[in-house]
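Protein chains in written order, with the numbering used here: chain A, 98 to 195; chain B, 348 to 816.
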Amino acid sequence: MVSKELESETIVVFDEAHNIDSVCIEALSVTINERGLDQATRSLGRLSSEVSRLKATDSHRLQNEYQNLVNGLIDQGLLDAPANDVGMASVSHLSMAF
Amino acid sequence: MCFLHVYSLPLLFTHFNCQNILNPDVLNEAVPGNIRRAEHFIGFMRKVVEHLKTRIRSVAGPTGGVKSETPLAFLHRMTNGTMLEAKPLRFAYSRLSSLLRTLQISNLDDYNALTDVADFSSLLASYSEGVAKFAVIMEPNSSNIPGASDPVIQLACLDSSLAIAPLFKRFGSVVITSGTLSPIDLYPKLLQFEPSVSESFPVSTFRPCIRPLVITRGSDQLAVSTKFEDRGDMGVIRNYGTMLVELCNVIPDGVVAFFTSYSYMESLICEWDALGILRELTKSKLIFVETKDVVETTLALDNYRRACDCGRGAIFLSVARGKVSEGINFDRHYGRAVIMFGVPFQYTLSHVLRARLEYLQTHYQIREQDFLNFDALRQASQCVGRVIRSKTDYGLMIFADSRYARADKRTKLPKWIQNFMDDGCLNLSTDLAVSQVQTFLRAMGQPVDQEALQSVLLTIEDVQKRNSE
Chain A
98 MVSKELESET
108 IVVFDEAHNI
118 DSVCIEALSV
128 TINERGLDQA
138 TRSLGRLSSE
148 VSRLKATDSH
158 RLQNEYQNLV
168 NGLIDQGLLD
178 APANDVGMAS
188 VSHLSMAF
Chain B
348 MCFLHVYSLP
358 LLFTHFNCQN
368 ILNPDVLNEA
378 VPGNIRRAEH
388 FIGFMRKVVE
398 HLKTRIRSVA
408 GPTGGVKSET
418 PLAFLHRMTN
428 GTMLEAKPLR
438 FAYSRLSSLL
448 RTLQISNLDD
458 YNALTDVADF
468 SSLLASYSEG
478 VAKFAVIMEP
488 NSSNIPGASD
498 PVIQLACLDS
508 SLAIAPLFKR
518 FGSVVITSGT
528 LSPIDLYPKL
538 LQFEPSVSES
548 FPVSTFRPCI
558 RPLVITRGSD
568 QLAVSTKFED
578 RGDMGVIRNY
588 GTMLVELCNV
598 IPDGVVAFFT
608 SYSYMESLIC
618 EWDALGILRE
628 LTKSKLIFVE
638 TKDVVETTLA
648 LDNYRRACDC
658 GRGAIFLSVA
668 RGKVSEGINF
678 DRHYGRAVIM
688 FGVPFQYTLS
698 HVLRARLEYL
708 QTHYQIREQD
718 FLNFDALRQA
728 SQCVGRVIRS
738 KTDYGLMIFA
748 DSRYARADKR
758 TKLPKWIQNF
768 MDDGCLNLST
778 DLAVSQVQTF
788 LRAMGQPVDQ
798 EALQSVLLTI
808 EDVQKRNSE
C-alpha cells in the first residue's frame, strides 16, 4: 500500500481539495444491488474452484498463507508458539489439514 | 527526511482503504479461526451474500419501500439470519484480499462485486457500536426510471472526518488547498481538525480582469431562477433564452454556459428550439453540448475550440458537477465568459443526502440550508473558475439566478471572486448586464500595460531574495 511507504515526516498535500469531504464520504460508502450480488455468487464459485485446484496442485502456497496467518498471531502473542518437536508436528499437521 | 508527496484524492483513499480506517485494535485481533481456512471463508461469504439477497428482495417486494436502519440493527438481522458472528465479519475485507493474492488472481475487476460485499460487511461490523456514523438506506428503485425495480442497499457514511482521521494521526503535516475552499472555516468542522494555519490569498492582478455579474431578472423585470417551481415557467425559459442570445451577441469568441443538471439542460434546449432561440444563437455562435458520453463530449470540445480559433465563435453548453466543470479550462479566447444558469444544488430528495444533513445538524450544528448553500456555491465557483488561467487573461463570471443576490449565497463565493464584485454588478437585468459586458470588454481589449504587468510578476532575483529571507 502506498501509505505504508510514506514516513510520518512526509508532508501530504491535497490540491484541488474543495470536494474532499465528499470524497471522504464516498471512500467509506458501499452500494449493493441485485446484479452485484449475482456477480458475487459467481465469483465465489470461481474462487471455490480455484481453491480446490490449488489444493490439488500447489497445496504449498495455501499452506504458506495459512502459516503466515498463524505466525502473525504467534508474533502478536495471541497463539502459543509451538514447543520443539511436539509443537512443530502439531503445526504442520494443522497446515496439512488446510 | 522530509519528502513532499502530491497525490490525487481518490488514489490516496483507495490505498488508504478500509483496512487502515478500521480501528487499529481490530487489525491486531486474532483472525478468527473459522475464516482462516479458505473453504470456510468462501462458505462464510456465501451466507453473507444470501442474506443480502433476502433483504434486497424484501425491499423490492410488496411490503417493501424505502427504509433506513442503523448499522447495529442491520448487523443484528444479519447475524440472526445467518447464524454468523459479528467479529469474523470485520475481517471479511482483509481476508478476501489475502485470498485473492494467494490465488494470484489477475483479473481483479471481475471480483469488484464480491469485494464490495466484503467491504460492506467489514465496515458494517466495525462501526456498529456507539454513535451511528453510518446509515443503511434501502430503496426499491434507485434508477431514474419511474416504476422500474432496481433495489439497492446503501451503506452510507455520514461523517467525512472518519476517512481522513488516520491520515491526520499518521502524518505530521497535511495541507488542504484549492481555489474554491469557501467558506474556509467549514472544512475544519467537516473533517474535525484544528488547522494550525488557515490562509486565504487574493489574486494579484494588474487590472480588474475578472468581472462577476449577478443577473436576477430579464429585461422585462421578471425574476429568473432554476428553483424547482420555476422550471416550467415560460417567462423564465424565455428570459433565460433571450439572456443567452443577447450576451452572445456582445461577447466575442468562446462562451461557456453551465446548467444545474442534464435533464434541466435538455428540457431548456428543447424549449429554446421551439421558441427559435437556438436559431438566433447560431447567428453569433456555433452551439456545442456536453453529453454523458466521454467520446462525444471530447469531440464537441475539440470543435468548440476550432470554432473559437477561426473567429466563428462558439458556445459550449455544459453541466455543473459534470466532467467539463471539474477538469476543462477555458482560458483566453476559449472562455471570455462563463454563465452559470441557476444555483447547482444537489438532489435534495436523496435519502442518503437527507441522512447526512441530519447528522451534520445533530452532531456539528451545521444547518441544513447552510450546508446545501455551501455545496451549491462551491460547484458554481468551480464552474466560473474555468475562465481565468493567467495574468493577462480576462473573463466575465455571470451568475444568472435571483437567489445569487442574497447574502447567504453570495458571501459563500471565494474571497478572490468577491473582491471583484461591487454594488454595480449585483441585481442586474439582462439589458443592464449587456452594457456592463460591453464596458468591461472594451477596457480589457486595450493593449496590456507592460509596466503594470511586470509589477505583479516576480523575477528570478525576486524569488531568490525571498528564499534567502
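Positions of the beta carbon are idealized from the N, C-alpha and C atoms, including for glycine. Since the model is a prediction, treat every value here as computed from it, not as a measurement.
- Residue L779(B) holds the alpha-carbon nearest to the alpha-carbon of M590(B) among D809(B), P535(B), L779(B), L443(B).
- Within its own chain, the residues whose Cβ lies closer than 7 Å to the Cβ of V795(B), once the five positions on either side in sequence are excluded, are T739, listed in chain order.
- At a C-beta separation below 8 Å, D118(A) has these neighbours in chain B: S507, Y534, L537, L538.
- Judged by pairs of C-beta atoms under 8 Å, the segment 769 to 789 of chain B does not touch the segment 524 to 541 of chain B, as fewer than three such pairs exist.
- Just measuring C-alpha positions, the residue of R757(B), E593(B), R448(B) sitting nearest V148(A) is R448(B).
- Membership of V731(B) in the alpha helix (DSSP H) is indicated by the continuous run 715 to 731.
- Here DSSP, grouped into helix, strand and coil, assigns C657(B) to coil.
- With a cut-off of 8 Å on Cβ pairs, the segment 649 to 664 of chain B is in contact with the segment 599 to 608 of chain B, counting three or more such pairs.
- Q173(A) carries a coil assignment under DSSP once its states are collapsed to helix, strand and coil.
- When T629(B), T573(B), A495(B), G582(B) are compared, the shortest CA-CA separation from D567(B) is found for G582(B).
- Between the segment 617 to 632 of chain B and the segment 669 to 689 of chain B, the count of Cβ pairs shorter than 8 Å is below three; the stretches do not touch.
- Within chain B, the residues R393, V396 have their CB atoms less than 8 Å from the CB of T138(A), given in chain order.
- Under the three-state reduction of DSSP, K812(B) is assigned to helix.
- Judged by their CB atoms, L422(B) and A472(B) are nearer to each other than the 8 Å cut-off.
- Distance from the Cα of Y711(B) is smallest, within the candidate group H398(B), K480(B), E618(B), K536(B), for K536(B).
- Per DSSP, the continuous beta strand (DSSP E) segment holding K414(B) begins and ends at 414 to 416.
- Straight-line measurement puts the Cα of A420(B) at about 13 Å from the Cα of K480(B).
- Contact check for E637(B) and G669(B): beta-carbon distance about 6 Å, within the 8 Å limit, so the pair qualifies.
- DSSP places D755(B) within a helical segment (H, G or I) once states are collapsed to three.
- The DSSP-derived three-state label of F388(B) is helix.
- Counted as a single uninterrupted DSSP element, the alpha helix (DSSP H) harbouring L447(B) occupies residues 439 to 449.
- Taking 8 Å as the cut-off, the beta carbon of S475(B) is found no closer than this to the beta carbon of N488(B).
- Among the residues of the segment 120 to 134 of chain A, those with a Cβ less than 9 Å away from any Cβ of chain B are V120, C121, I122, E123, A124, L125, S126, V127, T128, I129, N130, E131, R132, G133, L134, in the order of the chain.
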